Amino acid sequence: MKIALMDSGIGLLPTAAAVRRLRPEAELVLSSDPDGMPWGPHTPEDIVTRALIVARAAAAHAPDALIVACNTASVHALPALREALEPGIPVIGTVPAVKPAAAAGGPVAIWATPATTGSAYQKRLIAEHADGVDVTEVPCPGLAEAVQHADTEGIAAAVTAAAALTPADVTAVVLGCTHYELVADHIRQALRTRTDTDPALYGSAPAVAAQALRRIGATPPSAAPAVRVAAPGLTVLCSGRPAALPDAALTYPEGELLRVHPVAAVQAP
0 MKIALMDSGI GLLPTAAAVR RLRPEAELVL SSDPDGMPWG PHTPEDIVTR
50 ALIVARAAAA HAPDALIVAC NTASVHALPA LREALEPGIP VIGTVPAVKP
100 AAAAGGPVAI WATPATTGSA YQKRLIAEHA DGVDVTEVPC PGLAEAVQHA
150 DTEGIAAAVT AAAALTPADV TAVVLGCTHY ELVADHIRQA LRTRTDTDPA
200 LYGSAPAVAA QALRRIGATP PSAAPAVRVA APGLTVLCSG RPAALPDAAL
250 TYPEGELLRV HPVAAVQAP
């Protein structure tokens with residue numbers, strides 16, 4: 000089994016780690032675009048162009064599925080990616096977890112990039128899945144970039160600023176950029192200071208990983224027999240070039256999890 004993931008940068012790590020936890024034996028192809036990131040400030044047309052380049056680089060490695068582990072690319076490029084790659088390679092997009100966050104009734108805050116905050120796409124998600132719920136859209140300028148470079152001071156400043164814009168009575172916060180899931184603990188602490196409670200955080204990685212496995216008919220891990228395998232493969236592509244995991248990626252637990260280690264026993268496909 001081989002699963003490819005794409006993003007502008009290391010925001011693909013949470014979903015890749017979720018795949019690795021569900022199916023430790025799966026080979027992973029991580030395709031990102033450090034030459035062009037962040038994608039948010041680009042025009043929609045440019046995002047489509049860059050996303051297609053990144054996706055085709057991953058597709059050259061013949062994955063069983065491609066996960067678009069990026070909210071911005073899912074908003075602007077998902078139709079083009081599916082047209083280019085399906086039905087040969089199933090393409091799974093990433094949608095902010097507005098629906099489960101709003102299920103309890105709110106109030107809810109959605110942390111997202113400035114380009115996504117207030118967008119027609121996000122407004123539509125709110126209308127479809129949070130009708131009647133008090134929702135606050137919170138822009139987080141600079142947070143994805145700080146996470147990308149493991150800039151601890153930048154992360155702290157961006158998280159503090161976003162927390163200050165978050166209503167103190169929120170019960171749930173949607174992490175509307177895949178990069179944000181890498182600093183969930185920082186966000187949780189800032190929200191605890193802001194609200195004197197522990198609002199639930201909703202990321203997309205586990206659900207997207209599970210959906211990708213369902214799309215390719217992968218046997219649920221609990222239902223398959225254990226087998227011994229060699230270390231799972233890991234291919235890293237940076238703007239189409241073979242590379243190693245960036246140093247910044249290895250500062251996060253999700254990146255460390257993706258280091259190639261021997262696997263003693265996993266679930267058979």
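Numbering of the sequence shown is given in numbering that gives the first Met the number 0, commencing with residue 0 and proceeding in unit increments.
Every residue, glycine too, gets a C-beta built ideally from N, C-alpha and C.
Here the structure is a predicted model, which means the values were calculated and not measured.
So, is D63 buried or exposed, given that buried needs 16 or more other C-beta atoms within 10 angstroms? With 16 or more other Cβ atoms within 10 Å, it is buried.
Of the listed residues S7, A183, L80, nearest to S238 (C-alpha basis): It is S7 whose Cα lies nearest to the Cα of S238.
Tell me the rounded alpha-carbon separation between P138 and W110. P138 and W110 have their C-alpha atoms some 6 Å from each other.
Per DSSP, M36 forms a beta bridge with which residues? DSSP, once it has assigned bridges, lists no residue as partnering M36.
To the nearest angstrom, how far is it from the Cα of A76 to the Cα of W38? Their Cα atoms are separated by approximately 11 Å.
Should E136 go down as buried or exposed, given a rule of 16 or more other Cβ atoms within 10 Å for buried? So E136 ends up on the buried side.
To which residues does DSSP link E24 through a beta bridge? Note: E24 sits in no beta bridge, so no partner.
Please determine whether the Cβ atom of R81 lies at a distance below 8 Å from any heavy atom of the ligand GTP. Inclusion of the ligand GTP in the displayed structure is not the case, the ligand content being empty and no account of it being possible.
Between H128, T71, V173, G117, which lies nearest to K98 when the distance is taken from Cα to Cα? Minimum Cα-Cα distance from K98 among the listed residues H128, T71, V173, G117 corresponds to H128.
Complete runs of the alpha helix (DSSP H) confined to the segment 135-210 [at least 4 residues]: The segment 135-210 contains these whole alpha helix (DSSP H) runs: 142-147, 151-163, 183-194.
Is it the case that the segment 116-135 contacts the segment 246-256, given that we only count it when at least three CB pairs across the two stretches are under 8 Å? No, because fewer than three Cβ pairs between the segment 246-256 and the segment 116-135 fall closer than 8 Å, the two stretches do not touch.
Once you ignore the five residues that flank H41 on each side, which residues in its own chain have a CB closer than 8 Å to its CB? So the qualifying residues of the chain are G35, R49.
Taking only three categories from DSSP, how would you classify T71? T71 falls in the helix class under three-state DSSP.
Let's see if you can read the secondary structure: which residues bound the alpha helix (DSSP H) around A108? A108 -> not in any alpha helix (DSSP H); beta strand (DSSP E) instead, spanning 107-111.
Would you identify the three-state DSSP class for V94, choosing helix, strand or coil? V94 falls in the coil class under three-state DSSP.
Please report the distance separating the alpha-carbon of A59 from that of R81. So the alpha carbons of these two residues sit roughly 15 Å apart.
Three-state secondary structure assigned by DSSP to L256: Looking at L256 - three-state DSSP - the assignment turns out to be helix.
Can you tell which of V74, C69, V67, A56 has the C-alpha that lies nearest to the C-alpha of E44? Among V74, C69, V67, A56, the Cα nearest to that of E44 is on V74.
Can you tell which of D168, I215, L174 has the C-alpha that lies nearest to the C-alpha of T192? Comparing alpha carbon positions, the residue from D168, I215, L174 closest to T192 is D168.
Straight-line gap, A143 to L124 (C-alpha atoms, nearest Å): Roughly 21 Å between the two C-alpha positions.
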